[in-house]
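Those protein sequence lines, which keep their order, are chains A and B.
Residue 100 in the UniProt record's numbering sits at position 100 of the first sequence, and the numbers go up by one each step.
Residue 159 in the UniProt record's numbering sits at position 159 of the second sequence, and the numbers go up by one each step.
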Amino acid sequence: MTLSRRTMIKIGGAAVALPLLGSTAFGQAEKLKIGFIYVGSINDNGYNYAHNQGRIFVQDQLGDAVETVYVENVPEGPDCERVLRELAQQGCKLIFATSFGFGDSVIKVAAQFPDVAFEHATGYMPAANVGLYNARFYEGRAVCGTIAGHMSKTGKAGYIGSFPIPEVVMGINALALSGRRVNPNFTVKPVYISTWNDPAKEADAARAMIDQGIDIVAQHTDGPAALQVAAERGIIGGFGQGADMSAFAPDTQLTAIIDNWGPHYLASAKAVIDGTWVPGNTWEGLKEEVVEMGPYNAKVPADVVADAEKVRTGQIDGSFHIFTGPIKDNTGVERVAAGVVMTDGELLSMDWYVEGVEQPA
Amino acid sequence: MQFRLEKRQEPSKFMAYATPVAAVALTMIIGAIIFSLIGYDGVGAVREIFLTPLTNSYKWQDLGVKAAPLIIIGVGLSIAYRANVWNIGAEGQYIVGGLCATGIALLTWGMTGWWILPLMMLAGMAGGMAYASIPALLRTKLKVNEILTSLMLTYASVQLIYFLIRGPWKDPMGIGFPQTRLFSEAARLPTIIPGTIVHLGVPIAVLVAIIAWFIMSKSVFGYRMRVVGAAPHAARYGGFSENKTIWLAMLVSGGLAGLAGMLEIAGPFQRMVPGFPTNYGFTAIIVAFLGRLNPLGVIVAGVVLAITFVGGEVAQTTIGLPNAATGIFQAMMLFFLLAGDILIKYRVRRVMPQTSTEVA
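Below you can see the structure in the form of structure tokens.
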């Protein structure tokens with residue numbers, strides 16, 4: 001046994017790997033194996049939790065027709081490449097990479113496994129076997145911003161961001177625009193912490209901003225740490241992100257943006273099984289129920305709930321779009337003319353802040 | 001009844017080499033029991049983490065790539081630790097080495113030439129050395145403990161990455177994502193086995209370990225490091241300056257960590273991203289000890305740790321073991337190793353209490 005293995009080493013790892021690859025490449029008749037990689041823990045009760053709920057949904061809906069596997073806490077770097085190859089080699093024919101920073105690795109590995117369908121969440125680089133999918137989180141932000149504008153006493157909200165990518169910038173702007181519709185003096189202070197998931201950093205950022213006078217906190221990171229700090233410090237409130245986080249701060253979560261990835265994952269899985277999968281580029285929101293709002297907290301006054309609901313339903317029936325001009329940037333220059341709605345392309349490359357957003361450091 | 005640790009006259013040579021093996025074996029056994037008790041397939045977990053990466057030839061390239069930086073940093077640390085210089089901040093020196101190499105890659109962006117990679121290598125080593133010289137200076141001039149300063153400087157170096165990639169080095173094509181642009185071809189390490197991800201850093205790691213072993217066992221420098229560590233008083237008597245030894249230890253370990261940073265940024269990463277710090281510098285501390293502070297042992301230890309990383313991912317997908325399990329296995333290994341070391345140096349003596357009224 002040992003001897004033959006030694007000999008095999010001499011022949012070369014590549015030669016041994018080839019038959020291994022081949023044996024998995026023609027297994028279409030078997031059940032579909034689907035891989036998921038998450039940047040954080042499935043127990044973060046936020047973003048990664050929501051993706052994992054989507055995985056469980058697919059497993060429940062398709063039962064024996066599919067097998068799903070996942071890898072959590074995958075760093076955004078070369079380690080991701082190894083995990084993706086591992087999944088593809090284990091026979092996954094559909095792989096979801098659920099964080100922005102996985103992009104480089106997805107493109108590299110997808111080229112090595114042309115018969116595997118890859119889908120990259122919130123990314124911007126497509127390929128022959130790489131599809132993109134995203135959710136219109138900003139629609140949920142507009143609902144949150146409406147509540148924030150009404151309820152903030154200091155007129156200042158803090159916003160904990162991960163990285164200044166369009167995805168995050170867009171959310172900050174949506175919160176500021178919707179808050180200023182209600183209270184023209186409403187401002188948003190963003191802080192970037194350079195990670196998606198670090199409860200200690202999220203909590204520190206929340207504390208620092210509360211000391212500076214914010215009384216509403218929003219976050220584009222994965223866990224409930226900021227909400228817990230908000231509860232501890234007794235400020236007016238904050239919002240759940242990715243999932244309903246009310247269990248962690250029952251009196252503080254005003255509402256939550258809930259990501260509902262299940263239906264998209266189901267559709268992609270069915271398409272691969274039927275052999276009709278093509279790399280798509282979907283960007284769905286409240287209307288398609290990919291983004292949903294959590295319950296309104298009892299302390300949100302009825303008239304505020306009514307206004308928030310108007311914003312929510314308006315985005316569902318298409319009568320309201322938060323990025324409708326006139327919109328000025330935070331240096332006073334008009335960026336969007338009155339009555340004009342920003343295109344998806346403009347939104348997905350947004351790198352400027354609207355009036356009322358403090359320029360981050 | 002009480003127990004007391006009593007120093008052994010002559011620590012066993014055999015046991016010194018048997019302990020790492022025993023630590024790994026114990027980790028596997030206790031790990032299997034613990035994970036069985038909490039409801040996982042414990043034996044399966046050990047098999048997937050420790051054996052699958054070895055038996056599946058497709059994983060060998062991953063082992064090589066993951067072990068290379070651990071070995072290079074681990075070799076440097078083993079030299080420093082031999083001399084009782086406790087450089088805990090290899091992660092920071094690795095980061096600064098990576099940043100200096102990135103600086104060269106960006107300055108030469110779009111250019112071609114064989115000299116770019118060697119220049120990056122020099123920059124990486126110089127960066128790691130410069131960063132390690134801060135704790136060395138504080139220690140030799142002001143008697144500040146190098147454990148604290150080198151550790152704390154690691155966190156400062158992470159902020160330096162964020163500053164550079166959000167501002168001056170930001171990728172113009174990155175739609176705002178804080179990262180540098182992709183290095184041009186001349187600044188990327190070549191892969192040495194076609195069709196795999198095995199890059200030039202892997203043979204360099206082995207070469208570094210062999211050279212270090214030779215120097216440590218055959219040269220005056222190596223003798224100096226060993227003597228200062230084993231018998232500081234005798235070393236001083238023999239004319240070896242303590243300060244000079246601290247400087248040498250910090251510069252060697254910092255320079256090698258910087259080299260690892262350069263190989264990692266030019267190999268697998270090919271651009272600076274916020275995710276560049278991946279704790280290689282900290283994991284290499286386990287590698288150095290598991291390798292008995294012997295450069296050749298570090299090669300084996302580096303591969304063992306690489307196995308647990310790669311195997312940990314396999315176990316997640318095949319038997320649903322949580323990601324934290326990898327950390328538990330690695331920590332157990334270090335724990336058993338250090339515990340074993342205590343028992344090599346000391347024997348446990350049962351002591352009868354002097355007075356029967358004594359209450360614990």
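C-beta: ideal position from N, C-alpha, C; glycine also.
Item                                                                                                                                                                                     : Value
Where in the segment 52-92 of chain B do unbroken runs of the alpha helix (DSSP H), each at least 4 residues long, occur, reported from the N-terminal end onward?                       : 52-55, 60-82
For GLY101 of chain A, go through chain B and note every residue whose CB falls closer than 9 angstroms to its CB, in chain order.                                                       : PHE177, GLN179, VAL273, PRO274, GLY275
Ignoring anything shorter than 4 residues, give me the alpha helix (DSSP H) runs that lie fully in the segment 102-163 of chain B, in order along the chain.                             : 116-142
Give me the residue from A:PRO166, A:TYR124, A:PRO295 with the minimum Cα distance to TYR353 of chain A.                                                                                 : A:PRO166
Express the C-alpha separation of GLY42 of chain B and ILE286 of chain B in angstroms, rounding to a whole number.                                                                       : 24 angstroms
Output needed in chain order: residues of the segment 67-78 of chain A with a Cβ under 9 angstroms from some Cβ in chain B.                                                              : VAL69, TYR70, VAL71, GLU72, ASN73, VAL74, PRO75, GLU76, GLY77, PRO78
Count the other C-beta atoms from every protein chain shown that fall within 10 angstroms of the C-beta of GLY27 of chain A, then say buried if there are 16 or more, exposed otherwise. : Since pLDDT at GLY27 of chain A reaches only 40, below the 50 mark, its modelled position is unreliable, and the value read off the structure follows with that caveat. GLY27 of chain A should be labelled exposed.
Can a CB atom of chain B be found closer than 7 angstroms to the CB of GLN28 of chain A?                                                                                                 : Since pLDDT at GLN28 of chain A reaches only 47, below the 50 mark, its modelled position is unreliable, and the value read off the structure follows with that caveat. Not closer than 7 angstroms to any Cβ of chain B, the Cβ of GLN28 of chain A fails to qualify, so no.
DSSP on PRO199 of chain A, reduced to helix/strand/coil?                                                                                                                                 : helix
Less than 6 angstroms between C-beta atoms, sequence neighbours within five positions excluded: which residues of the same chain meet that for MET350 of chain A?                        : PRO166, VAL169, MET170
Report yes or no: is there a C-beta of chain B within less than 7 angstroms of the C-beta of ASP204 of chain A?                                                                          : no
Can you tell me whether VAL278 of chain A is buried or exposed, with buried defined as 16 or more other CB within 10 angstroms of its CB?                                                : exposed
Quick one: which residues of the segment 123-138 of chain A get their C-beta closer than 8 angstroms to a C-beta of chain B? List them in chain order.                                   : TYR124
Just the Cα atoms here: how many angstroms apart are ILE193 of chain A and GLU10 of chain B?                                                                                             : 53 angstroms
Return the CA-CA distance between ARG292 of chain B and LEU259 of chain B, expressed in angstroms with no decimal places.                                                                : 22 angstroms
May I have a chain-ordered list of the beta strand (DSSP E) segments no shorter than 3 residues that lie completely inside the segment 256-291 of chain A?                               : 281-284
By the 8 angstroms beta-carbon criterion, what residues does the segment 157-188 of chain A contribute toward chain B?                                                                   : PHE163, PRO164, ILE165, PRO166, VAL169
Out of A:GLY332, A:ALA157, A:GLY140, A:ALA271, which one is the CA nearest neighbour of ALA226 of chain A?                                                                               : A:ALA157
Going by beta-carbon coordinates alone, are ILE34 of chain A and LEU94 of chain A separated by less than 7 angstroms?                                                                    : yes
Which residues of the segment 317-331 of chain B have a Cβ closer than 9 angstroms to any Cβ of chain A? Give them in chain order.                                                       : THR317, THR318, GLY320, PRO322, ASN323, ALA324
Tell me HIS199 of chain B's beta-bridge partners as DSSP assigns them.                                                                                                                   : B:THR191
Please list the terminal residues of the continuous beta strand (DSSP E) segment that includes LEU57 of chain A.                                                                         : Looking at the sequence shown, residue 57 of chain A is not Leu but Phe. Careful: PHE57 of chain A lies outside any beta strand (DSSP E), inside the alpha helix (DSSP H) at 47-62.
Using a Cβ cut-off of 7 angstroms (strictly closer), state whether GLU313 of chain B contacts chain A.                                                                                   : yes
When you compare the segment 91-109 of chain A with the segment 118-125 of chain A, are there three or more beta-carbon pairs, one atom per stretch, that lie closer than 8 angstroms?   : yes
Since LEU177 of chain A is in the beta strand (DSSP E), which residue starts that stretch and which ends it?                                                                             : Not the beta strand (DSSP E): LEU177 of chain A falls in the alpha helix (DSSP H), residues 166-182.
Should ALA14 of chain A be flagged as near chain B, meaning a C-beta pair shorter than 7 angstroms?                                                                                      : Unreliable placement is indicated for ALA14 of chain A, whose pLDDT of 38 sits below 50; the coordinate value is still reported in the next sentence. Taking Cβ atoms only, chain B reaches closer than 7 angstroms to ALA14 of chain A, which makes this a yes.
Measure from the alpha carbon of ASN173 of chain A to the alpha carbon of each residue in A:SER162, A:THR187, A:ASN183, A:PRO75, then state which is nearest.                            : A:THR187
For the segment 336-347 of chain B, which residues have a CB atom closer than 8 angstroms to at least one CB atom of chain A, in sequence order?                                         : none
Tell me, which residues are paired with TYR159 of chain A by DSSP?                                                                                                                       : A:PRO190, A:ALA218
Of the residues A:ASP60, A:ALA308, A:GLU30, A:TRP196, which one's Cα is nearest the Cα of residue 392 of chain A?                                                                        : Since the displayed chain A opens at 1 and closes at 361, residue 392 of chain A lies outside it and no answer follows.
Of all the options A:PHE36, A:CYS144, A:GLY238, A:GLY314, which has the alpha carbon lying nearest to the alpha carbon of CYS92 of chain A?                                              : A:PHE36
Would you say THR245 of chain B reaches chain A, if we count a Cβ-Cβ gap shorter than 7 angstroms as a contact?                                                                          : no
Would you report the Cα separation of TYR133 of chain A and TRP115 of chain B, rounded to the nearest angstrom?                                                                          : 42 angstroms
Closest Cβ-Cβ distance between GLU86 of chain A and chain B: below 7 angstroms?                                                                                                          : yes
Residues bridged to LEU94 of chain A by DSSP?                                                                                                                                            : A:ILE34, A:ALA117
Compute the Euclidean distance between the alpha carbons of THR55 of chain B and GLU48 of chain B, then round it to the nearest angstrom.                                                : 10 angstroms
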